[in-house]
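Input: a single structure, listed below in structure tokens.
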Amino acid sequence: MRKLIKKEILDLIRDPRIILPFIFAPIIFLVLGGIASQSVQSTVSEIVEPSLIKVNIIYEEKIPQDFINYLQNVSEKEKVIIYFTQKEKDISNILKETDYDVYILIPKGFFEKIERKETGEIYTFSKTTEFRLGSITGIKEIRVVRIIENYIKEKYINSTEILNFISRPLNYYSLVYLPSKNLLVSSQSLSSLFFGIFIASIIILSLGAIIMQISSTSTAIENEYKTLEILLLLPISRFKIFLAKLIGTFIVSMIGLSLFLIGFVFYLYLLFFSVTQPTQNLPFISIAIDPFSLALLIASFVISLLFMASLGVIIGALSNDVRLANTLIGPVFILLFFPAFYIIILTPSSPIKDILMSIPFLQTLIFSKEILLTNFKITHLIYLINSLLIILVLIYIIGRIFSLETLLNLQNKISRRFKKRI
Amino acid sequence: MKAVEIKNLVKRYGYFEALKGINLNIDEKEIFALVGPNGAGKTTTFKIISTLLLPTMGQVKVFGYDTVNESDKVRKIISYLPEEVGVYKNITGYEYLDLIASIYFGNSSEYSKALELGIEVANLGSRIYDKMKNYSKGMKKRIQLARVLMTKPKLAILDEPTTGLDFEYSYEIRKIILEYNKKFNITFLVSSHNLQEVETISSKIAIIKGGLIMEYGSIDDLLEKYQVKNIEELYIKIIKGS
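For the protein sequence lines, the chains are L and H, in the order given.
Per this note's numbering, the first sequence starts with residue 1, numbered consecutively.
Per this note's numbering, the second sequence starts with residue 1001, numbered consecutively.
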């Protein structure tokens, strides 16, 4: 069987259709990460080190001199250059004809309201010609709004000390307690952790799809090139033939996936490098995960990939050619994608959770969420054994259908169904 | 012992009856030809003998082993060359033959002998180390023929082994069949649309049409029985007469 596995590996690894996407993955992720980080970094740097911005204050009635003086006094410190325009035409025409970073419209009656100590209303505008992160965050607008707010506050509070106190009377630290782990973590860290889980779930989904694609293509090619007949003629059990295919595909997928992961890590590094500059308290995930849970997660992950590879082999074996296999993969993956998406977004409750926890792949997604909040429980091991049993049953079924007689019958039925639909 | 014994073999694909109860005996060490028009049931018969398909009714024995209940034993002593057979495009001819030899013989001394024989039958020179996607149709057929013969099977089933090949390749394949039949006492069951080829290599023949054996026996006996000069005339007379 070792030679059969070697054949599978060589045949797959030398196939450019299989291996090229894996080689390109790190490069694509590098480029994507570069583009994304550039966009994010420009926004982040705006927060960390504000740039000089040109502001046009459009007014509908005469504005008080002390307001003009205040703005001129703080302009250097706040890195703003203020211009004033009386609103004589439609705002959209002003925006169209002039070029400022931020526009502030002060409507009629604004200063009267302030005098009456009522909350005033202003409108901010900015221009954008492209859809990118920096253009929709409103960071520059907020800077100008804060200046106007401070003008109003200073108007009524003479002492700078009191002004600072009123502006920020409290410093607060939000912590979340995880009872099962007896651990206190900052809510900011927890948010980052959940973001990490979300990313991990997306990785698991992607890896599952990739391994299913490889295994189905590799098996469907055997049907398309009529080499499966020869394999089935060899004096070796059909179960071993299937197992060799499964293991070979699994090994090649692992090699490919490691390249994919390298690319993905590059992508995340570039992305996080750009967003973590102003962010403190990065999570220490390792502290929150006990070794048993980690071992459980790894075992579940391996079972998941085997499950997806087995599904791929079934799809490939039931397809006359690669095209049909690719067509069949879509609906099968969607069947898994919907519960997977449900698990990623929400937390399923019993008994749905119990069912999902026994299904490989979906189980890994739940484990990856639970591992951070709960410690290893014996029920987790039971779920793992359940999923292992499902894999064994699946492998047994495939071993049974791995005869030309059965495959031909099933292939004909599937082909007829698809031809009818087309 | 008979190499192949077929008793009342029926094969249905859904409502279509591909074989309608055929009976056939093939002796050891002979080169037996199964001829007939397209769709007559030749490939179905071959696939049942080689354990790839199950009979709907009837029984097939290969050297005494039942193809359904003793398929593992049958697969050890037979080799089958399908008419349309592909190759693994990304592995070399050598790697392929090496795989086959190791599956049949493991690490025993027979393994290297089988590999040597395979390389000899393939006769591809240094091209044996090329990936098979670079092989011509004839080279692919030679590799497959090498795969069939390198294990010195007791029964080799060749479904139209020379179809689509040029004269030179066809001639070499016929030569190999005759040589290996004599040298290693391999029983051959061959199908071909080239009746002259059949006459050259076979001593016995069966003519199949519509899932039924129309006639079978030694070529000389049949020529005498139907009072015809050659196998082509015999074929036309039997097929048209039916």
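Heads up, the beta-carbon is just placed ideally off N, CA and C, and yes, glycines get one too.
All values reported here derive from a predicted model rather than from experimental measurement.
- Taking L:Ser358 as the centre and dropping the five residues before and after it, the same chain places the C-beta of Tyr383, Asn386, Ser387 and Ile390 closer than 8 Å to its C-beta, in chain order.
- Classified as buried, L:Asp15 has 16 or more neighbouring CB atoms from the shown chains inside 10 Å of its CB.
- Under DSSP, H:Lys1131 shares a beta bridge with H:Thr1092.
- Within the model, the alpha-carbon separation for H:Gln1059 versus H:Thr1051 is close to 12 Å.
- Contact residues of the segment 219-241 of chain L toward chain H are Ile221, Glu222, Glu224, Tyr225, Lys226, Thr227, Glu229, Ile230, Leu232, Leu233, Leu234, Pro235, Ile236 and Ser237 (C-beta to C-beta distance below 9 Å).
- With fewer than 16 other Cβ atoms inside 10 Å of its own Cβ, L:Asp66 counts as exposed.
- Chain L places a beta carbon closer than 7 Å to that of H:Arg1075, counting this residue as a contact.
- Its Cα nearest to that of H:Leu1099, the residue H:Met1150 stands out among H:Ser1126, H:Ile1231, H:Met1150 and H:Glu1083.
- H:Tyr1235 is classed as buried because its beta carbon has at least 16 other beta carbons within 10 Å across all chains shown.
- Under the criterion of beta carbons closer than 8 Å, L:Ile204 and L:Thr364 qualify as touching, at roughly 6 Å.
- DSSP, read as helix, strand or coil, puts H:Thr1045 in helix.
- Of the other Cβ atoms in all chains shown, fewer than 16 fall within 10 Å of the Cβ of H:Met1057; this residue is therefore exposed.
- Taking 7 Å as the cut-off, the Cβ atoms of L:Glu61 and L:Lys108 count as close.
- For H:Tyr1104, the chain L residues whose Cβ falls inside 7 Å of its Cβ are Pro235, in order along the chain.
- In the three-state reduction of the DSSP assignment, L:Arg400 falls in the helix class.
- Distance from the CA of H:Lys1152 to the CA of L:Phe239, rounded to the nearest whole angstrom, comes to 25 Å.
- Between H:Lys1131 and H:Thr1092, the gap from beta carbon to beta carbon is short of 7 Å.
- At least one C-beta of chain H is nearer than 7 Å to the C-beta of L:Lys7.
- The alpha-carbon separation between H:Phe1046 and L:Leu394 amounts to approximately 31 Å.
- Against chain H, the CB of L:Asp11 has a partner CB under 7 Å away; the residue lies at that interface.
- Think of a sphere of 9 Å around the beta carbon of H:Gly1058: no beta carbon from chain L falls inside it, the nearest being about 15 Å out.
- Excluding sequence positions up to five before and after L:Ala244, its CB lies within less than 7 Å of the CB of Met1, Leu4, Ile5 and Glu8, all in the same chain and listed in chain order.
- Per DSSP, reduced to three states, the secondary structure at L:Ser350 is coil, with no helix or strand assignment.
- The distance from the Cβ of H:Tyr1080 to that of H:Ile1157 is about 5 Å, consistent with a contact at the 8 Å cut-off.
- For the pair of segments examined, the segment 1132-1151 of chain H was found to touch the segment 1082-1089 of chain H: the number of CB pairs separated by less than 8 Å reaches three.
- Among the residues of the segment 317-338 of chain L, none has a Cβ less than 7 Å away from any Cβ of chain H.
- In the three-state reduction of the DSSP assignment, L:Tyr177 falls in the strand class, which pools E and B.
- Cβ neighbours of L:Ile251 within its own chain (closer than 6 Å, five residues either side excluded): Ile9.
- Taking 7 Å as the cut-off, the Cβ atoms of H:Ala1033 and H:Val1198 count as close.
- Less than 7 Å separates the beta-carbon of L:Ile214 from that of L:Thr249.
- The beta carbons of L:Ile371 and L:Ser293 sit closer together than 7 Å.
- Using a CB distance cut-off of 7 Å, H:Asn1107 does not count as an interface residue toward chain L.
- For H:Val1198, the uninterrupted alpha helix (DSSP H) run begins and ends at Leu1195 to Ile1201, by DSSP.
- Nearest to L:Leu105 by C-alpha distance, out of L:Met254, L:Phe24, L:Leu233 and L:Ile82, is L:Ile82.
- Here H:Gly1211 is near H:Lys1020, since their CB atoms are less than 7 Å apart.
- For the 7 Å CB-CB criterion, H:Glu1028 and H:Thr1187 form a contact.
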